[in-house]
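Q:
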Amino acid sequence: MATTLWATLAHAEDAKSWDPGIPLFEGKPPGYIADAGPETNDGNGRFGNVTTPTLAVHLPPKELRNGLAIVVCPGGGYSRVGIGPKGDAAIKYFVPRGVAIFVLKYRTRPPSKQVEVDALADVQRAVRMVRHRAAEWGVDPDRIGMLGWSAGSHLILNLASHNDTGNAAAADPIERQSCRPNFVAAMCPWPSRSKPANFPATKQTPPILMCSARDDKTAPTSFAKALRDAYIAAGIECTLHEVETGGHEAFTIEGPGEGGKWTETFWPWLSKIKMVQSELEPMTK
Numbered sequence: 001m002a003t004t005l006w007a008t009l010a011h012a013e014d015a016k017s018w019d020p021g022i023p024l025f026e027g028k029p030p031g032y033i034a035d036a037g038p039e040t041n042d043g044n045g046r047f048g049n050v051t052t053p054t055l056a057v058h059l060p061p062k063e064l065r066n067g068l069a070i071v072v073c074p075g076g077g078y079s080r081v082g083i084g085p086k087g088d089a090a091i092k093y094f095v096p097r098g099v100a101i102f103v104l105k106y107r108t109r110p111p112s113k114q115v116e117v118d119a120l121a122d123v124q125r126a127v128r129m130v131r132h133r134a135a136e137w138g139v140d141p142d143r144i145g146m147l148g149w150s151a152g153s154h155l156i157l158n159l160a161s162h163n164d165t166g167n168a169a170a171a172d173p174i175e176r177q178s179c180r181p182n183f184v185a186a187m188c189p190w191p192s193r194s195k196p197a198n199f200p201a202t203k204q205t206p207p208i209l210m211c212s213a214r215d216d217k218t219a220p221t222s223f224a225k226a227l228r229d230a231y232i233a234a235g236i237e238c239t240l241h242e243v244e245t246g247g248h249e250a251f252t253i254e255g256p257g258e259g260g261k262w263t264e265t266f267w268p269w270l271s272k273i274k275m276v277q278s279e280l281e282p283m284t285k
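The sequence shown begins at 1 in the UniProt record's numbering and counts up by one.
#1: For K274, which residues of its own chain have a beta-carbon under 8 Å away from its beta-carbon, when the five flanking residues on both sides are left out?
#2: Looking at C-alpha atoms only, which residue of P111, C73, L147, A69 is the closest neighbour of H132?
#3: Under 7 Å between the Cβ atoms of F102 and V57?
#4: Quick check on the burial criterion: 16 or more other C-beta atoms within 10 angstroms. Buried or exposed for I253?
#5: If distances are taken between C-alpha atoms only, which option among P189, V81, D142, L270 comes closest to A119?
#6: Do you know whose CA, among R97, G98, G84, lies nearest L104's CA?
#7: Could you spell out the range, first to last residue, of the alpha helix (DSSP H) harbouring A89?
#8: Could you tell me the distance, in whole angstroms, from the CA atom of S17 to the CA atom of C73?
#9: Pick helix, strand or coil for residue 286, following the three-state DSSP scheme.
#10: Once you ignore the five residues that flank G87 on each side, which residues in its own chain have a CB closer than 6 Å to its CB?
#11: Counting pairs of Cβ atoms below 8 Å between the segment 259 to 269 and the segment 231 to 247, do you hit three or more?
#12: Over what stretch of residues does the alpha helix (DSSP H) that includes F266 continue unbroken?
#13: Cutting at 7 Å between CB atoms, please list the residues of its own chain near V139, excluding the five before and the five after it.
#14: To the nearest angstrom, how far is the alpha carbon of V115 from that of I156?
#15: Between the Cα of A151 and the Cα atoms of L270, I144, E175, A219, which residue gives the shortest distance?
#16: Considering G75, what are the terminal residues of the beta strand (DSSP E) in which it resides?
#17: Enumerate in chain order the residues of its own chain whose CB-to-CB distance from P111 is below 7 Å, with the five nearest sequence positions on each side excluded.
#18: Fully enclosed by the segment 117 to 185, which beta strand (DSSP E) runs are 3 residues long or longer?
#19: Can you tell me which of the three DSSP states residue 298 falls into?
#20: Between the alpha carbons of S153 and A234, how many angstroms are there, rounded?
Structural data, given as structure tokens:
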């Protein structure tokens with residue numbers, strides 16, 4: 001097992017989550033913008049001008065899989081998707097611990113003229129796809145969660161409020177699946193132009209963990225606190241983990257400072273909401 005784990009860690013170290021992923025939609029996605037020009041990449045995996053959303057699949061070896069799946073939504077203000085900085089860190093950390101990671105490249109503005117609507121359609125489709133192919137990918141369809149940073153947090157909180165059980169009559173089998181995540185972990189939740197009321201709690205809202213740095217000027221802790229209070233008042237399981245410093249980059253996985261240790265809060269929280277058993281908590285390197 002030690003050799004297998006070492007090899008898995010080495011593989012994850014080299015993985016590039018901006019490698020070509022699976023197109024989310026057959027043909028053009030809803031709201032497609034024609035003649036938008038090519039997608040851009042700054043060389044570090046920060047993508048812009050995204051017109052075709054994709055899902056990059058990163059699976060642990062079969063002997064390490066525990067059935068947990070996380071769809072990762074990097075940030076970038078909806079103008080870019082920072083897949084390299086955040087997606088690769090998630091792969092490196094979670095895959096060797098038996099967790100299947102799916103990195104979403106959602107649509108951006110430009111070219112989208114209603115990016116929050118288009119990106120929501122993308123993330124809904126991503127969850128449906130993972131659930132549809134759960135058996136193939138060694139995933140438990142009842143343990144599919146979301147992890148986002150900044151605009152990615154905005155997106156997955158939007159999904160937490162706007163999801164459904166699928167369309168049983170759909171010709172496309174993917175569309176028959178629920179797009180409700182089983183949990184949401186939102187790092188540095190960014191309000192964009194939204195107010196807490198734009199993220200209403202419903203009977204379909206999953207348990208939510210939010211992490212916020214008190215010195216984050218881009219995603220103020222006051223916004224996260226208002227969301228937490230509204231969710232708790234509605235009877236939704238919601239935990240807010242605060243740190244003093246680190247700003248908008250505080251919760252980089254295994255990054256410097258207190259925020260870089262947020263996974264030490266994440267695993268016990270997953271156990272609390274019954275997404276992992278104690279034996280499925282992270283393996284040590």
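Positions of the beta carbon are idealized from the N, C-alpha and C atoms, including for glycine.
A: Checking against the coordinates, here is how it stands:
#1: Here residue 274 is taken as the residue at index 274 of the sequence shown, counted from 1. If we look at K274 and ignore the five residues flanking it on each side, it has no Cβ neighbours.
#2: As a working mapping, residue 132 is identified with position 132 in the sequence shown. The shortest Cα separation from H132 among P111, C73, L147, A69 belongs to A69.
#3: Numbered from 1 along the sequence shown, position 102 holds the residue referred to as residue 102. Numbered from 1 along the sequence shown, position 57 holds the residue referred to as residue 57. Contact flag set, yes.
#4: Your numbering for residue 253 matches position 253 in the sequence shown. When all chains shown are included, I253 counts as buried.
#5: Start at 1 with the first residue of the sequence shown, and residue 119 comes out as number 119. Out of P189, V81, D142, L270, the CA that lies nearest to the CA of A119 is found in V81.
#6: Within the sequence shown, the letter at position 104 stands for residue 104. Closest option to L104, Cα to Cα, is G84.
#7: The residue labelled residue 89 in the question sits at position 89 within the sequence shown. Segment 88 to 94, the alpha helix (DSSP H) holding A89.
#8: Against the sequence shown, residue 17 aligns to sequence position 17. Against the sequence shown, residue 73 aligns to sequence position 73. Because the pLDDT of S17 is 44, which lies under 50, any placement of that residue in the model is unreliable, and the number read from its coordinates should be weighed accordingly. Approximately 12 Å, taken between the alpha carbons.
#9: Because the chain in this structure spans residues 1 to 285, residue 286 falls outside the shown range and cannot be described.
#10: Reading the sequence shown from its first residue, position 87 is the one you call residue 87. So the qualifying residues of the chain are S17, V72, P74, V103.
#11: Taking a contact to require three or more Cβ pairs closer than 8 Å, the segment 259 to 269 and the segment 231 to 247 qualify as touching.
#12: For the purposes of this step, residue 266 is taken as residue 266 along the sequence shown, with counting starting at 1. Segment 263 to 272, the alpha helix (DSSP H) holding F266.
#13: Locating residue 139 in the sequence shown gives position 139, where the first residue counts as 1. The residues are G67, A69, A100, V130.
#14: For the purposes of this step, residue 115 is taken as the residue at position 115 of the sequence shown. For the purposes of this step, residue 156 is taken as the residue at position 156 of the sequence shown. V115 and I156 have their C-alpha atoms some 14 Å from each other.
#15: Taking the first residue of the sequence shown as position 1, residue 151 is located at position 151. Scanning L270, I144, E175, A219 for the CA closest to the CA of A151 turns up A219.
#16: By 1-based counting over the sequence shown, the position of residue 75 is 75. Annotation: G75 is outside any beta strand (DSSP E) and is labelled neither H nor E by DSSP.
#17: Working through the sequence shown from its first residue, we reach residue 111 at position 111. Result list for P111: I33, A36, N49, T51, in chain order.
#18: Whole beta strand (DSSP E) segments, 3+ residues: 144 to 149.
#19: Missing from the structure shown is residue 298; the chain here goes from 1 to 285 and no further.
#20: On the sequence shown, position 153 is the one that residue 153 refers to. On the sequence shown, position 234 is the one that residue 234 refers to. Their backbone Cα atoms lie some 20 Å apart in a straight line.
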